[in-house]
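For reference, the structure discussed in these notes is given below.
Numbering (our numbering), first residue to last: 288 to 490.
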């Protein structure tokens, strides 16, 4: 099993991995300005997503259906992100947009507090790992499709697309699943404490 996991990293170019992280953090750093200046076309999706998350948290009876919906939404978007590698420059644009989206939701939820330190929480680290791995592969595909001699040294030659999906299913999906499970556990734990406080006040 460890050999299978190690082989999954064969399609991950670590130079591109660093580049992916930089592009994401550019978007994440821009997010507070987007939020403050109320740039509507950039706020529409993350604020809709935030309202959806808040409705699940406030429900206090969050179900596996809610967890499944969020997991499928994240997995679907990252699947499209991987496929975006076939369209020139699209992965970079989507990655920048994703950095802004996550930044807007974080800034709104945390009210501007602990904005960057939030990224070092277990849930964020797992989700970021899934995002970085996916977009590293997408950008690698993009460079190969562009046939750029200048960018070729910064990419990894991969002949079979199935190798990308192998890595996606073996590394990215488990990371998303684990992040979702931890998030579900923490929400339920938080609701349990809140319910306990409500019971104490009523007595």
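The C-beta atom is built at its ideal place from N, Cα and C for all residues, glycine as well.
Specify the secondary structure class of residue i as computed by DSSP and reduced to three states.
i	result
residue 423	helix
residue 438	coil
residue 454	helix
residue 324	coil
residue 447	coil
residue 394	helix
residue 402	coil
Residues in the same chain with beta-carbon distance under 7 Å from residue i, minus the five sequence neighbours each way, listed in chain order, please.
i	result
residue 458	295 and 420
residue 470	410
residue 329	321 and 387
residue 422	307, 368, 378 and 382
What does the alpha-carbon distance come out to for the pair residue i and residue j?
i	j	result
residue 313	residue 386	7 Å
residue 332	residue 449	31 Å
residue 382	residue 453	21 Å
residue 335	residue 299	32 Å
residue 309	residue 475	34 Å
residue 397	residue 293	37 Å
residue 465	residue 303	25 Å
residue 392	residue 325	13 Å
residue 301	residue 408	23 Å
residue 440	residue 362	30 Å
Using CA atoms only, rank isn't needed, just tell me which of the options is closest to residue i.
i	options	result
residue 424	467, 456 and 466	456
residue 414	355, 389 and 438	389
residue 337	325, 394, 416 and 406	394
residue 467	356, 407 and 384	356
residue 297	451, 341, 406 and 305	451
residue 461	439, 358 and 305	358
residue 339	360, 384 and 380	360
Is residue i near the ligand SAH - that is, is its Cβ less than 6 Å away from at least one heavy atom of it?
i	result
residue 410	The ligand content of the structure shown is nil, which means the ligand SAH is not present either.
If I measure Cβ to Cβ from residue i and keep anything under 8 Å in the same chain, skipping five residues before and after, which residues do I get?
i	result
residue 365	417, 418, 421, 455, 459 and 463
For the structure I just gave you, are there three or more beta carbon pairs, one from the stretch 428 to 442 and one from the stretch 365 to 375, closer than 8 Å? Taking a contact to require three or more Cβ pairs closer than 8 Å, the stretch 428 to 442 and the stretch 365 to 375 qualify as touching.
Contact the stretch 316 to 333 vs the stretch 437 to 446: 3+ CB pairs below 8 Å: no
So does the stretch 395 to 403 actually touch the stretch 433 to 442, counting three or more Cβ pairs closer than 8 Å? Contact between the stretch 395 to 403 and the stretch 433 to 442 is absent, because fewer than three Cβ pairs lie under 8 Å.
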